[in-house]
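Asks: Per the working numbering: the sequence shown = residues 700 to 853. Every residue, glycine too, gets a C-beta built ideally from N, C-alpha and C. All values reported here derive from a predicted model rather than from experimental measurement.
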Amino acid sequence: MSDSSDSISPSLNNSEALDYYATALTQLKPGSIEALGELVADDIHFRDPFNCLDGKANFIGVMAEMFEQLDEVRFDLLEAQIQGNIGYLYWRFSATSSLTGAFVTEGSSRICFNDQGLVNSHLDFWDASLLMQQFPLLGRVVGMIRKKAGYKSA
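Next comes the structure, spelled out in structure tokens:
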């Protein structure tokens, strides 16, 4: 089955496709989620510290839910690299929520492109314990675990 958005980016090389995708992420708003969806394959695989899912509808759902749960969502691109059909983005994410208050973290994404220049894999890597540490009750436990597991200088 052909992806209905194959016509969007067949002329882009992988470097241009990564730039286009990164720009879509940094400009992401609730009203632009569908446009981001046009840059991903129907069979996209997405993983972050809280989700592991397949399919464009699920990917769009995660993005939409992020805006339902968080306010002042912002992605800032710090670096981008591409080698072959695999790109890497280094970014800063910030948002606020009534549960945690303001939250800022840096992370990276491994982005893979198919032959049509569409994203077929998006894997996010970031330290979710920093967010969990801001949750009431859970934060105290996570903080103690991080302290116990961390390096103890002399």
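Going residue by residue through the stretch 743-779, where are the continuous beta strand (DSSP E) segments of at least 3 residues, counting only ones entirely within it?
Replies: The qualifying runs are 751-753.
Asks: Just to confirm, are residue 776 and residue 721 a CB contact at a threshold of 7 Å?
Replies: Residue numbering aside, residue 776 sits at position 77 when the sequence shown is read from its first letter. Residue numbering aside, residue 721 sits at position 22 when the sequence shown is read from its first letter. A contact, by the Cβ cut-off of 7 Å.
Asks: Buried or exposed: which applies to residue 843, given that a residue is buried once 16 or more other Cβ atoms fall within 10 Å of its Cβ?
Replies: As a first step, residue 843 must be located in the sequence shown, where it is residue number 144. Looking at its Cβ environment, which holds fewer than 16 other Cβ atoms inside 10 Å, residue 843 is exposed.
Asks: Hey, residue 740 and residue 817 are a contact pair by Cβ (cut 8 Å); roughly how many whole angstroms apart?
Replies: If you number the sequence shown from 1, residue 740 lands on position 41. If you number the sequence shown from 1, residue 817 lands on position 118. So it is a contact: roughly 4 Å between Cβ atoms.
Asks: Please classify residue 848 as buried or exposed, where buried requires at least 16 other C-beta atoms within 10 Å of its C-beta.
Replies: Taking the first residue of the sequence shown as position 1, residue 848 is located at position 149. By the neighbour-count rule (16 or more Cβ atoms within 10 Å), residue 848 is not buried but exposed.
Asks: Across the stretch 739-757 and the stretch 805-817, are there enough close Cβ pairs to call them in contact, namely three or more that are closer than 8 Å?
Replies: Contact holds: three or more Cβ-Cβ distances are below 8 Å.
Asks: Check residue 713 in the structure and name its three-state DSSP category.
Replies: Numbered from its first residue, the sequence shown carries residue 713 at position 14. Looking at residue 713 - three-state DSSP - the assignment turns out to be helix.
Asks: Return the bridge partner residues of residue 782 from the DSSP annotation.
Replies: Against the sequence shown, residue 782 aligns to sequence position 83. Residue 782 is bridged to 785.
Asks: The alpha helix (DSSP H) with residue 735 in it runs from where to where?
Replies: Numbered from its first residue, the sequence shown carries residue 735 at position 36. That run of the alpha helix (DSSP H) goes 732-736.
Asks: Under the three-state reduction of DSSP, which class applies to residue 817: helix, strand or coil?
Replies: Taking the first residue of the sequence shown as 1, we reach residue 817 at position 118. Looking at residue 817 - three-state DSSP - the assignment turns out to be coil, as it is neither helix nor strand.
Asks: Where residue 794 and residue 765 are concerned, what is the direct C-alpha to C-alpha distance, given to the nearest angstrom?
Replies: Counted from its first residue, the sequence shown places residue 794 at position 95. Counted from its first residue, the sequence shown places residue 765 at position 66. The alpha-carbon atoms of residue 794 and residue 765 are separated by roughly 10 Å.
Asks: By alpha-carbon positions, which one of 791, 732, 714 ends up nearest to residue 761?
Replies: Here residue 761 corresponds to residue number 62 of the sequence shown, with the count starting at 1. Looking at the Cα atoms, 732 is the closest of the given residues.
Asks: Measuring CB to CB, does residue 749 end up less than 7 Å from residue 774?
Replies: As a first step, residue 749 must be located in the sequence shown, where it is residue number 50. As a first step, residue 774 must be located in the sequence shown, where it is residue number 75. Taking 7 Å as the Cβ cut-off, residue 749 and residue 774 do not qualify as a contacting pair.
Asks: Which same chain residues, not among the five before or five after residue 829, have their C-beta less than 7 Å away from its C-beta?
Replies: Here residue 829 refers to the residue found at position 130 of the sequence shown. Excluding residues within five positions, the ones whose Cβ falls inside 7 Å are 804.
Asks: Just mark residue 786 as buried or exposed, buried being the case when its beta carbon has 16 or more other beta carbons within 10 Å.
Replies: Within the sequence shown, residue 786 is the residue found at index 87, counting from 1. The residue in question, residue 786, is buried, as its Cβ has 16 or more Cβ neighbours within 10 Å.
Asks: What three-state label does DSSP hand residue 828 in the structure shown?
Replies: Working through the sequence shown from its first residue, we reach residue 828 at position 129. DSSP places residue 828 in helix when its eight states are reduced to three.
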